[in-house]
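Enquirer: I have a structure I would like to understand better, so I am pasting it below and will then ask my questions one at a time.
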Amino acid sequence: MDGALNDYIKQGQALIILDGLDEIPVSEQRSKIINLVENFVENYVQTST
Numbered sequence: 318m319d320g321a322l323n324d325y326i327k328q329g330q331a332l333i334i335l336d337g338l339d340e341i342p343v344s345e346q347r348s349k350i351i352n353l354v355e356n357f358v359e360n361y362v363q364t365s366t
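Per this note's numbering, the sequence shown starts with residue 318, numbered consecutively.
Okay, here's the thing in C-alpha cells:
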C-alpha cells in the first residue's frame, strides 16, 4: 500500500469505499475478496470509545 495512503488510514483520515462485491461472478473469488476486506478491517478500522 502506498506510504501516504497508509498513513492517512492509520490516522483515521481516509475514507475507503468498496463497491461491486456483488458483481464478482465466481463464489470462490468472492470469498477471497471478503477475506481480504475482513483482514483490512481488523488491521485498520478504528472505533471511537
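Note that CB positions come from ideal geometry on N, CA and C, so glycine has one too. For clarity, every value in this text was computed on a predicted model and none was experimentally measured.
Could you pull the start and end residues of the alpha helix (DSSP H) that Gln-346 belongs to?
Expert: Gln-346 -> alpha helix (DSSP H) spans 344-361.
Enquirer: First and last residue of the alpha helix (DSSP H) that includes Ile-333?
Expert: Run containing Ile-333: none; DSSP gives neither H nor E here.
Enquirer: Within the same chain, show all residues whose beta-carbon is closer than 6 Å to that of Tyr-361, passing over the 5 residues directly before and after it, in chain order.
Expert: Ile-326.
Enquirer: Would you give the residue range spanned by the alpha helix (DSSP H) that Ile-326 belongs to?
Expert: Ile-326 -> alpha helix (DSSP H) spans 320-327.
Enquirer: Can you give me the C-alpha to C-alpha distance between Gly-320 and Gln-363, rounded to a whole angstrom?
Expert: If I take the Cα positions, the gap works out to 18 Å.
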